[in-house]
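Notes to accompany the following structure.
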Amino acid sequence: MGAFRLSEAGPDTIRRAHAVHSVAAVQSEYSLWTRGVEERVLPVLRELGIGLVPFAPLGRGFLTGKIRSSEGFAEKDFRHGNPRFTGANLQANLRIADEIQAVAEQAGASGAQVALAWLLAQGDDIVPTPGTKRVARVEENIAAADLQLTAQQLDRLSAAGDPHRGRAGHPGALTRPTATHIPGGRVAACRS
């Protein structure tokens with residue numbers, strides 16, 4: 001095995017795992033509304049030459065601008081009752097989605113393309129994995145790689161997203177387990 005990947009690992013876990021065997025990538029949630037990896041995780045990844053594979057780069061569909069309320073989510077939908085999609089959190093998150101839409105209109109692109117282009121502009125070591133069920137959405141997402149946002153647009157988007165959103169204790173944050181270990185102290189799957 002040449003290298004392996006970790007999921008949602010914190011800096012200490014990444015260092016420990018990388019010391020045992022080369023880590024190729026870490027998968028963590030990262031988007032304009034979930035930026036907790038920027039402060040502690042991303043610097044370690046860059047120091048060690050490890051890529052970041054953001055999941056939910058479109059905020060589970062929210063950053064596309066198509067979701068304006070929590071009504072309409074089926075009871076089994078992950079977003080149903082999720083604090084990010086309700087009450088004051090929803091209102092705060094709509095401000096981010098509105099900024100994305102404003103930039104999208106300037107750029108002649110979709111909100112999804114702008115959200116993905118912002119992520120891609122954060123570094124060549126970042127490769128987002130948007131999920132979709134439709135071919136048209138795959139094509140739309142791929143086109144984001146060709147979208148060149150201006151420095152002003154990137155700054156506007158960065159300012160709109162809260163760098164603390166998604167952290168434990170932050171309103172609307174998702175809580176996560178800390179780590180899963182296998183006998184012998186080696187990390188099998190990580191969450192932090």
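Numbering (the UniProt record's numbering), first residue to last: 1 to 192.
Virtual Cβ for every residue (Gly too), placed ideally from N, Cα, C.
If you're wondering where the values come from, they're calculated on a predicted model, not measured in any experiment.
Exercise. Quick one: what does DSSP say G166 is sitting in, helix, strand or coil?
Worked result: The sequence position of residue 166 within the sequence shown is 166, counting from 1. Only weak support exists for where G166 lies, its pLDDT of 44 falling under 50; the value from the coordinates is given anyway. Coil at G166, not helix or strand.
Exercise. Does the distance from the CB of N141 to the CB of T132 come in under 8 Å?
Worked result: Here residue 141 refers to the residue found at position 141 of the sequence shown. Here residue 132 refers to the residue found at position 132 of the sequence shown. It is a contact, given that the beta carbons lie within the stated cut-off.
Exercise. Ordered along the chain, which non-local residues of its own chain (more than five positions away) have a Cβ less than 8 Å from that of K66?
Worked result: The residue you call residue 66 lines up with position 66 of the sequence shown. Same-chain partners within the cutoff: G111.
Problem set entry | Per-residue DSSP class, three states only, for T129 | As a position in the sequence shown, residue 129 is number 129, starting the count at 1. In the structure shown, T129 sits in a strand (DSSP, three-state: E or B).
For this session: Mind the definition here: the segment 49 to 67 touches the segment 111 to 122 only if three or more C-beta pairs lie below 8 Å; say whether that holds.
Result: For the pair of segments examined, the segment 49 to 67 was found to touch the segment 111 to 122: the number of CB pairs separated by less than 8 Å reaches three.
Exercise. Taking C-alpha atoms, which residue in L52, F4, A136 and L32 lies nearest to V20?
Worked result: Counting from one through the sequence shown, the residue named residue 20 turns up at place 20. Minimum Cα distance to V20 is reached at F4.
Exercise. Going by beta carbon distance, what residues of the same chain come within less than 8 Å of T86, once the five residues before and after it are set aside?
Worked result: By one-based count along the sequence shown, residue 86 stands at place 86. Within the same chain, T86 has close Cβ partners S70.
Exercise. So what does V23 bridge to, in DSSP terms?
Worked result: For the purposes of this step, residue 23 is taken as residue 23 along the sequence shown, with counting starting at 1. Beta-bridge pairing links V23 to F4.
Problem set entry | Proximity to V44 [Cα-Cα], best of E75, L90, G10 and T129 | Counting from one through the sequence shown, the residue named residue 44 turns up at place 44. Nearest to V44 by C-alpha distance, out of E75, L90, G10 and T129, is G10.
Problem set entry | For P54, the residue or residues it bridges with in DSSP | Locating residue 54 in the sequence shown gives position 54, where the first residue counts as 1. Beta-bridge pairing links P54 to S28.
Exercise. What separation, rounded to the nearest whole angstrom, lies between the Cα atoms of R16 and V26?
Worked result: By one-based count along the sequence shown, residue 16 stands at place 16. By one-based count along the sequence shown, residue 26 stands at place 26. Each residue's Cα considered, the two are about 13 Å apart.
Exercise. What number of angstroms, rounded off, separates the C-alpha of T34 from the C-alpha of E139?
Worked result: As a working mapping, residue 34 is identified with position 34 in the sequence shown. As a working mapping, residue 139 is identified with position 139 in the sequence shown. Answer to the nearest angstrom: the Cα atoms are 24 Å apart.
Exercise. Are the C-beta atoms of N141 and some chain B residue less than 8 Å apart?
Worked result: Checking the listed chains, one finds no chain B in this structure; it contains a single protein chain.
For this session: Report the residue from A159, R46, I14 and A160 whose alpha carbon sits nearest the alpha carbon of G123.
Result: The residue labelled residue 123 in the question sits at position 123 within the sequence shown. When only C-alpha atoms are compared, the closest one is R46.
Exercise. What residue from L120, R68 and L147 has the CA that sits closest to residue 194's CA?
Worked result: Because the chain spans 1 through 192 in this model, residue 194 falls outside it and cannot be assessed.
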